[in-house]
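For the sequence shown, my numbering assigns the number 5 to the initial residue and increments by one for each residue that follows.
The beta-carbon is built from N, C-alpha and C at its ideal position, and this holds for glycine as well.
Computed from a predicted model, the values in this text were never measured in an experiment.
Single-structure report; data block below.
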Amino acid sequence: MTDALDPCFIPFESDVSKFTLAPKFTFPFYYQPDPLCILAAEEVQRHLTKQHDWYHNFGLADDPNNIIGKMFGVLVVKDKQGRLGYLRGFSGKLADQNHLPDFVPPVFDMLARESFFHEKQRVINQLTEELESLASSEGFLNAQAHADLVQKECTTQIEQARQHVIGNRAQRKAQRKIAQKELDSPQLVALQQVLAKQSVEDKLTFNQIKVQLNSKMEEAKNALAKFEIRIAHLKEQRKTLSGELQQRLFEQYQFLNANGEYKSLASIFSDTVMRTPPAGAGECAAPKLLHYAFIHKFSPIAMAEFWWGASPKSQVRRHKQFYPACIGKCQPILNHMLQGLRVEDNQLLQNNADNEQIDIVYQDDEMLIINKPAQLLSVPGKHIQDSVYTRIKTLFPRATGSLIVHRLDMSTSGLMVIALSAASHKSLQKQFISRQVEKSYVALIDGLLEKQEGTITLPLAGDFYDRPRQCVCDKTGKPAHTTWRVIERRSPQQQTKVLLQPKTGRTHQLRVHCAHERGLNMPIVGDDLYGNRDRRLHLHAQSLSLFHPVSNTWLTFNREAEF
């Protein structure tokens with residue numbers, strides 16, 4: 005008797021008997037999709053276009069409202085009988101549901117009918133409704149308006165009374181001056197006694213007015229405070245209940261790894277810098293797929309995630325493209341879940357520039373202009389020490405100062421200026437800060453541009469949960485300005501060579517400005533963060549112009565790209 009297939013286990017539609025299985029499991033944070041994963045993803049994509057059981061607006065049709073692209077994942081597995089197939093999953097909710105036919109379920113379904121979440125959330129929602137009702141009530145709004153009005157009127161009256169006292173004081177002072185010249189001694193003494201009495205009466209009157217008006221303001225404040233105290237109490241209640249609910253949810257998310265060990269979301273993130281799990285942690289496709297596989301005794305072979313639908317406005321996500329797991333939300337979870345599996349080496353820890361040489365374009369006693377090879381770090385990294393800095397330090401042991409004036413991304417090749425003295429470093433750095441330095445880059449982008457030139461001004465900010473990625477943010481992003489011009493269109497390859505001139509120097513500025521849909525909407529060839537991996541990132545710092553730090557002569561250097 006043949007064992008029934010697990011409902012989430014999907015046999016391949018195609019013949020996969022000739023495929024070679026990967027000897028090690030996918031390193032999820034930097035990978036090339038396994039051929040079986042590509043095949044599985046294509047089958048899932050066909051399913052998404054044909055199924056009619058549910059509807060989700062991915063932004064691929066004409067409906068402009070509520071577009072939400074989605075990350076999907078495939079996990080190639082063998083079942084207990086050794087049959088090869090795959091599991092499929094999605095991040096978060098899909099079609100407003102946690103459960104869809106043939107997709108793996110969430111690790112913990114807080115929306116299930118029997119879940120404690122509903123009752124706790126109902127209480128929190130009631131507090132929120134009470135808060136909103138109280139904050140918009142006629143009594144609170146009237147008390148707030150009355151307190152503001154009384155505060156304004158009383159403050160004005162106190163100030164008017166103060167000015168009246170000051171005016172009377174000035175008049176008495178003038179009277180004394182005239183009296184000292186015109187009156188005899190007995191008359192002067194009598195006048196001074198009268199004026200002193202007036203001064204005392206003025207102070208008493210002012211103090212009485214001030215006490216009365218302050219009492220009036222305090223009365224209005226107390227009336228308002230009755231509402232504010234209640235509002236503060238409700239907010240604190242809601243905060244406490246939300247915190248307790250969140251902590252309980254964190255404990256309910258229990259992730260299984262290949263060694264058969266469970267660990268809660270709260271425990272996993274307690275050892276990280278964040279301490280508390282970020283929103284959505286544990287809901288991504290990758291941990292859901294692995295958790296299901298381990299529970300149901302499937303043997304994981306390879307995994308990949310792809311984006312389906314329109315890109316979010318802030319991020320670079322391309323339809324059907326594969327992406328690594330995110331660092332902030334998934335890395336701590338997957339580090340636990342992968343224990344017990346033989347996983348591919350992390351290629352990001354390999355020094356791919358070990359055999360590359362630095363080309364010195366210009367040299368004198370004060371500075372160098374070098375042509376940095378792609379894949380060489382500008383400064384030592386956390387895991388790789390080999391860099392422009394360490395090599396220049398070895399070549400020029402007598403150089404003083406910080407050496408590095410500016411940086412190029414590890415993946416970017418091209419011209420860099422190096423300061424050989426502290427004074428020159430200070431001078432050159434000032435030029436970069438004041439944007440006197442002129443830089444131009446050449447890039448090969450994936451697609452044929454129709455326009456000949458243009459400008460991109462998308463503000464950039466670091467993606468907090470997926471470093472080192474950058475995102476476009478109109479609210480918190482730093483201004484970023486790039487001009488571009490087409491150099492060459494390569495029709496057979498469907499690629500365009502462009503000249504890029506950044507007016508600012510934000511992290512990954514050129515890469516995001518090329519790849520984002522509001523930029524060129526065409527990633528740079530070989531961009532492993534915002535496009536597709538290739539033998540290298542096709543971005544090269546081609547031209548560099550600046551003032552010599554000592555002679556103040558304007559110098560221009562050029563090095564053509566290899567692509």
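Query, Result
"Alpha carbon of Leu592 to alpha carbon of Val320, nearest angstrom", "The chain is shown only over 5 to 567; residue 592 falls outside these bounds and no answer can be derived."
"Ile170 burial status per 10 Å Cβ neighbour count (16 or more: buried)", "exposed"
"Three-state secondary structure assigned by DSSP to Glu309", "strand"
"Sheet register partners of Pro15 (DSSP bridge)", "Gly89"
"Residue environment, Pro15, which counts as buried when at least 16 other CB atoms sit within 10 Å", "exposed"
"For Asp538, the nearest candidate out of Asp19, Phe23, Pro37 and Leu9 (CA to CA)", "Pro37"
"Closest Cα partner of Cys12 within the set Leu524, Thr53, Lys243 and Lys82", "Lys82"
"Bridge-paired residues (DSSP) for Asn562", "Ser547"
"Residue span of the alpha helix (DSSP H) that contains Ala227, given as start and end", "Ser189 to Gln256"
"Touch test, the stretch 306-325 against the stretch 373-391, Cβ-Cβ under 8 Å, three pairs minimum", "no"
"Short Cβ contact (7 Å threshold) for Met1 with Asp450", "Absent from the structure is residue 1, since the part of the chain shown begins at 5 and ends at 567."
"Separation of Asn172 from Leu199, as counted between CA atoms", "10 Å"
"Where Asn375 sits in the DSSP three-state scheme", "strand"
"Three-way DSSP call (helix, strand, coil) for Thr6 in this model", "Legend: pLDDT at Thr6 = 48, less than 50; position of this residue unreliable, value from coordinates given subsequently. Three-state result, Thr6: coil."
"Check whether Ile422 and Leu432 have beta carbons under 7 Å apart", "no"
"Sheet register partners of Gln499 (DSSP bridge)", "Asp450 and Arg494"
"Pro336 and Ile272 closer than 7 Å at C-beta", "yes"
"Host beta strand (DSSP E) of Thr459 (start-end)", "Glu457 to Ile460"
"Simplified DSSP state of Phe29, which is helix, strand or coil", "strand"
"Within the stretch 280-330, ranges of the alpha helix (DSSP H) (whole runs, at least 4 residues)", "289-299"
"Chain-order list of residues whose beta-carbon lies under 6 Å from that of Thr6 (same chain, five-residue window excluded)", "Note that Thr6 scores a pLDDT of 48, beneath 50, so its modelled location is shaky; the value from the coordinates is reported in the next line. Correct list: empty, nothing qualifies."
"Cut-off 7 Å between Cβ atoms - residues of its own chain near Leu104, not counting five sequence neighbours on either side", "Trp58 and Leu98"
"One or two residues paired with Trp488 in a DSSP bridge", "Gly458 and Leu504"
"7 Å Cβ shell around Ala565 - same chain, five flanking residues per side excluded", "Val446, His544 and Gln546"
"Anticipated Cβ contact below 8 Å, Leu353 with Gly77, distance rounded", "Rounded, the Cβ-Cβ distance is 24 Å, inconsistent with contact."
"8 Å contact criterion, which Ala149 and Phe231 should meet: CB distance rounded", "Not confirmed; about 12 Å, so no contact."
"At least three beta-carbon pairs within less than 8 Å, the stretch 193-207 to the stretch 109-116", "no"
"As assigned by DSSP and simplified to three states, the class of Gln101", "strand"
"7 Å Cβ cutoff met for Phe561 and Leu548", "yes"
"Among Leu245, Ala285 and Ile235, nearest to Phe254 - alpha-carbon criterion", "Ala285"
"Cα-Cα separation, Val554 to Glu370", "8 Å"
"Helix, strand or coil at Ala262 according to DSSP, with G and I counted as helix", "coil"
"Exposure of Ile120, with buried meaning 16 or more beta-carbon neighbours within 10 Å", "Sequence inspection shows Phe at residue 120; the Ile mentioned does not correspond to that position. Label assigned to Phe120: exposed."
"Val111 versus His295 - alpha carbon distance", "7 Å"
"Distance between beta carbons of Leu524 and Leu453, contact taken as under 8 Å", "7 Å"
"Ile305 vs Val80 beta-carbon contact at 7 Å", "yes"
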